[in-house]
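In our numbering, the protein residues as written are 23 to 85.
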C-alpha cells in the first residue's frame, strides 16, 4: 500500500491539484506451477479529488 501511495504522490507533485485524477493499479497472481487455471489479474482504480473538491466523510458503506 505504501508503495502505491508513494507512486501516486510522485505523479501528483507539489503543485495545486485543480482537477480530479484517476490512477489504474494493475495486480496479478500466478502460482509456482505456472498453471493458467490459478493465474488471475485485476485492476483497482484510485480517484484523487481536486484540492477544491475534497469529499465530506460519510460513515455509511458505499453501494
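Quick reminder that beta carbons are idealized off the backbone N, C-alpha and C, glycines included.
Reference residue 65, options 56, 53, 48, closest by Cα: 48
Closest to residue 43 by C-alpha separation, out of 84, 32, 52, 23, would be which residue? 32
According to DSSP, simplified to helix, strand and coil, what is residue 30? helix
Assign residue 63 to one of three DSSP states: helix, strand, or coil. strand
Residue 49 bridges to which residues according to DSSP? 64
Neighbourhood of residue 61 by C-beta distance below 8 Å, restricted to the same chain and skipping five residues each side: 50, 51, 52, 53
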